[in-house]
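Number 184 marks the last residue of the sequence shown (UniProt numbering); no jumps.
Beta carbons are placed, not taken as given, at the ideal position from N, Cα and C, and that holds for glycine.
Written below as C-alpha cells is the structure these notes are about.
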Amino acid sequence: MAVANERGMRHAWIYDAKVRKIEDPAAQPRRVHESQRTLCAEIPINGIKALVLFDSGCTTDSITLEFTYLCKAGRIDLQEPVGLQLGTQGSRTKINFGVQAEIVMGSVRNAHYFDVVDINKYDTILGTVFCRKYGIVLDFANDHVLIGTQSIPLFKEEAVSSKIAKRSFREPIQWVLENGQTVQ
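Here it is in C-alpha cells:
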C-alpha cells in the first residue's frame, strides 16, 4: 500500500470533493458574544491612560507606535530584529524597536519594557511576560485581573466598544488632547 505525502494530504483533504460537506447550519458552532469578552482596563503608562488588553496567550508585552509617541516613552533600537510569532503560520512581522515606560497598576509602579508593534483596537497588550513578572492572575470566570489580593477595575464590553469608537486611531494626538493628557 502506497503512503501519500503527509503534508500534501493534510492540505488537500479539505478541498476534496469526496469529503462529506455538512449542510446543516446548526453544525457550525455559535460564537456567543459573551464568551468572547476580553479582559481590558485603562492603565497609566508614563502618565497617559492607555487602553490595555490582558492576553494570556501573548508572549510579548506590546505597545503601539502612536501611543509610544504620545507618552514620550524612551526608544530602544534593537540590534537584531525579533520575529513576532502569532498563533497562525505565515506571520512575518519583525520587531525593530522597543520602549521603556513607567506603568502604574495596583501595587506595581515600575519601568517596563514593551515591544513596539502595530496593534489593532488597543494601545497596549500585556502578555505572559508582564503577568508572570508581577504575579498577575487573569480570572475569566469572574472578570477580574488580580495583583495579589487587589482587583484592577476592568472595562465592560460596552465601555470598551464605546471608547474604541470615540477614538480615532488616525489622529491619536487629537484624541489625547480631547481626553486629558495625563493622570496624577
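Mark E34 as exposed unless 16 or more other C-beta atoms lie within 10 angstroms of its C-beta, in which case mark it buried. exposed
How would you label A73, buried or exposed, when you count the other beta carbons within 10 angstroms and need 16 or more for buried? buried
Am I right that T149 and S56 are in contact with their C-beta atoms under 8 Å? What's the rounded C-beta distance? No, T149 and S56 are not in contact; Cβ-Cβ is about 20 Å, not under 8 Å.
In the DSSP assignment, the alpha helix (DSSP H) including E66 goes from what residue to what residue? L65 to L70
CA-CA distance, V69 and E42? Here residue 69 turns out to be Tyr, not Val, going by the sequence shown. Their Cα atoms are separated by approximately 18 Å.
Span of the beta strand (DSSP E) holding T124? T124 to L126
Got a sec, what are the start and stop residues for the beta strand (DSSP E) S151 sits in? Q150 to I152
What span of residues does the beta strand (DSSP E) with V32 cover, start to end? Taken as a continuous stretch (DSSP letters only), V32 belongs to no beta strand (DSSP E), as it is neither H nor E.
By a C-beta neighbour count over all protein chains shown, 10 Å radius and 16 as the cutoff for buried, is D139 buried or exposed? exposed
Cα-Cα separation between G106 and T64, rounded to whole angstroms: 23 Å
Starting from D139, trace the beta strand (DSSP E) in both directions and tell me its first and last residue. I136 to D139
One question on the structure: do I95 and T60 come within less than 9 Å of each other, judged by their Cβ atoms? yes
From which residue to which residue does the beta strand (DSSP E) around C40 run? L39 to I45
When burial is assigned at 16 or more other CB atoms within 10 Å of the CB, is V137 buried or exposed? exposed
Rounded Cβ spacing between L51 and Y113 (contact assumed at less than 8 Å): Not a contact, Cβ separation roughly 20 Å.
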